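Visitor:
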Amino acid sequence: MKRFNWMIVFGMMILPGVVHADFSFYWRDQNALHYEYRHLIGLDLNNSSASDSVGNSRAYSTFRLRMKPSMSITDRLLIHSLFDAYVSPNNTVSQEEGAQAGGQATDTNNYGPSLGSLPRSIFGGSNGYGTSAFTAGDSNFIIKSLFMEYIGDWGILKLGRIPRHWGLGIRYNEGLNPNDKFTDRTDTAMYELGLGNIKLAVLLSKVLESNLNRQSDDMTLYETYLHYNQPEKDMDVGAMYTFMRQSVNFVKLSIIDLYAKKKYKKIRAGVELVTSLGSPGSLKGSQAAQLGLATELAYDWTPSISTFLNLGYASQADIDRGGRLQLFAFDRNYDIAFLMFNQPMGSISTYTGISASSDPDTNALFGAYYLNLAGAYHFNDRIGTKLGFTTAQSPLPLVAGGGKFYGQELDATLWYHFVENWNLGVDAGVFMPGNLYEGDPTNKAKIDPAYGVQAYTTISF
């Protein structure tokens, strides 16, 4: 039975109950036309000839139309979708991925992403976390979500490939932003019960092609969450539990995701904690011990001046402990800097697993303590700027005896609103790498700074 067949059958059971049809077609908000161009210099972190044959300078461009059409069959039954249409050069790699999650990636001990190909193997390649494809032919048009929604007296039933948004965005994306390069979604049947400001939901998701036969090569997520939102008090709290099961590799993981957001006068604060426990494979004694933590604090000194503090932690793989899934990677849309953890860098993948030869945007924040300080100033309603400083330290070395300091980065952003829904922005960053990128101490590599600039424009409607 092919993907979606079980969903279609379930949907057909519901449709006969629809008696009075009042069909209408409309566009939801957050449609956008987005163009960006990036020029990155010194990504291999070495001004001498690049050992990975990539070179010191790379450029990417994306021209994308994002649309969110919906159909109202009745006042209770709706169908929603989201698609991206790309118009990019044939040799430009698409900034897109497959279904969220997928098969567990493996490290050199078959637990966690591969140390020899980080960060690419966290999300790209054959491990199931997603792929990057050239934007040519049919790949220019990508349907990202398509689901039906039935609004009942007590709650909402959703069925199909639905977008997943949660918390601060370290596991599932925080929310859809026109500048986001990725969308998180799963093939899901879910029911959300609404009790005033409280929502209780149960979800069944498939993230690998197959069927409901639990003996097949499936990856299934059994999830439930409790969500409390109090707009009058600017408070948002949620708790999610996920049981991840992959039959072929005997993966059984319990994932707990907790978050809280609060605004008090001039202060905005948020925290999200994700941890996974359980068995990541068939080897006796194997275990999972992943942990991710993000904290965000913003203070509005005046309507024009704001400061930001972001602190967090993502657990790192322990090269001295086999049979242990420990490395944690944030969602790819969660960025703390323009280059660090956002662009693949380094030409010493033999020692660090970090290489500029990786596809664009396959990087993610992983295995680090990090600190980000920033300040923003709005000259008026149309013009604003933001300056930021970021540094990070790995909890554990990637190679025996290697360094743990990722480095430091300085970033600057300038944006301009032509009109309310049309903006132009420029981002620039300078990354000064640390000794983590030097690799094996017996083959200590020479490292140099990397630079980058990005120009973009977005029309939202």
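Sequence positions in the sequence shown follow the working numbering and run 2 to 462.
Ideal Cβ positions, reconstructed from N, Cα and C, are used throughout, including at glycine.
Everything numeric in this text was worked out from a predicted model, so none of it was measured.
In the DSSP output, which residue or residues are listed as bridge partners for E297?
Guide: Paired residue(s): G271, N311.
Visitor: Just the C-alpha distance for S211 and T391, rounded to the nearest angstrom, thanks.
Guide: Only weak support is given to the placement of S211: the predicted model assigns it a pLDDT of 45, under 50, and the question is left unresolved by the model.
Visitor: I'd like to confirm the pairing. Which residues does DSSP put opposite N424 in its beta bridges?
Guide: DSSP output for N424 lists H418, T459 as bridge partner(s).
Visitor: Hey, how far is the Cα of N436 from the Cα of L415?
Guide: Cα to Cα, N436 sits roughly 31 Å from L415.
Visitor: Assuming R333 contacts A365 under a Cβ cut-off of 8 Å, what Cβ separation, rounded to an integer in Å, is found between them?
Guide: R333 to A365, Cβ: 5 Å. Contact.
Visitor: Y335: which of R77, W167, A401, Y151 sits nearest, CA to CA?
Guide: Residue W167 is the option with its Cα nearest to Y335.
Visitor: Would you kindly work out how many angstroms separate the C-alpha atoms of K145 and T443, rounded to a whole number?
Guide: Looking at the two C-alpha atoms, the distance is approximately 47 Å.
Visitor: Please return the same chain residues whose Cβ sits closer than 7 Å to the Cβ of A401, not counting the five positions on each side in sequence.
Guide: Here the set comprises I320.
Visitor: Going by DSSP, what residues sit across from M346 in a beta bridge?
Guide: Note: M346 sits in no beta bridge, so no partner.
Visitor: Can you check whether the CB of D412 is closer than 8 Å to the CB of A429?
Guide: Against a cut-off of 8 Å, the Cβ pair of D412 and A429 comes out as a contact.
Visitor: With a CB to CB cut of under 6 Å and the five nearest residues on each side skipped, what residues in its chain are close to P398?
Guide: Excluding positions up to five away in sequence, the list reads K405.
Visitor: Which partner residues does F390 have in the DSSP bridge list?
Guide: Answer by DSSP bridge pairing, in chain order: L374, L411.
Visitor: Checking the sheet assignment: what are the DSSP bridge partners for V252?
Guide: Note: V252 sits in a beta bridge opposite Q247.
Visitor: So the candidates are L66, F309, Y151; which of them puts its Cα closest to the Cα of P179?
Guide: Among L66, F309, Y151, the Cα nearest to that of P179 belongs to L66.
Visitor: Would you mind reading off the limits of the beta strand (DSSP E) that contains V203?
Guide: Start and end: 199–207.
Visitor: Below 8 Å, how does it come out for the segment 184–203 and the segment 301–320: are there three or more Cβ pairs, yes or no?
Guide: With a cut-off of 8 Å, the segment 301–320 and the segment 184–203 do not count as touching, because too few Cβ pairs lie within range.
Visitor: Give the range of the beta strand (DSSP E) segment to which Q231 is assigned.
Guide: Per DSSP, Q231 belongs to the beta strand (DSSP E) from 220–231.
Visitor: Do you know offhand how far G385's Cα is from H35's?
Guide: Whole-angstrom Cα-Cα distance: 19 Å.
Visitor: In angstroms, rounded to a whole number, what distance separates the CA positions of K447 and N47?
Guide: C-alpha separation (whole angstroms): 6 Å.
Visitor: Using a Cβ-Cβ cutoff of less than 8 Å, which residues in the same chain neighbour S71 once the five nearest sequence positions on both sides are dropped?
Guide: Once the five neighbours on either side are set aside, the close Cβ partners of S71 are F26, Y27, W28, R29, L79, I80, H81, S82.
Visitor: Taking the alpha carbon of A299 as the reference point, which residue from L278, S277, K267, Q288 has its own alpha carbon closest?
Guide: A299 has its Cα closest to that of K267, out of L278, S277, K267, Q288.
Visitor: According to the Cβ coordinates, are D188 and K207 closer than 8 Å?
Guide: Closer than 8 Å, so yes.
Visitor: Select from L201, T459, I157, A60 the residue whose C-alpha is nearest the C-alpha of H40.
Guide: Per the Cα distances, A60.
Visitor: Identify, in the order they occur along the chain, each residue of the same chain with its Cβ nearer than 6 Å to the Cβ of D185, setting aside the five sequence neighbours on each side.
Guide: If we look at D185 and ignore the five residues flanking it on each side, its Cβ neighbours are Q101, R165, Y173, N174.
Visitor: If I measure Cβ to Cβ from A338 and keep anything under 8 Å in the same chain, skipping five residues before and after, which residues do I get?
Guide: So the qualifying residues of the chain are N373, G389, T391, E410, D412, G430, F432.
Visitor: Return yes when the Cβ of F183 is within less than 8 Å of the Cβ of I143, no when it is not.
Guide: Result no, Cβ atoms of I143 and F183 do not sit closer than 8 Å.
Visitor: With a CB to CB cut of under 6 Å and the five nearest residues on each side skipped, what residues in its chain are close to E273?
Guide: G168, L169, I171, Y260, A295.
Visitor: Could you spell out where the beta strand (DSSP E) holding R39 opens and where it closes?
Guide: Unbroken beta strand (DSSP E) run through R39: 33–42.
Visitor: Quick one: grab the DSSP three-state call for L79.
Guide: Strand at L79.
Visitor: Roughly how far, in whole angstroms, is the beta-carbon of E233 from the beta-carbon of A270, given that I think they are within contact range, below 8 Å?
Guide: Contact doesn't hold; Cβ gap of about 18 Å is too wide.
Visitor: Using the DSSP secondary-structure output, state which residues sit across from I143 in a beta bridge.
Guide: I143 is bridged to D85.
Visitor: What's the gap between the Cα of R246 and the Cα of V252?
Guide: Answer to the nearest angstrom: the Cα atoms are 5 Å apart.
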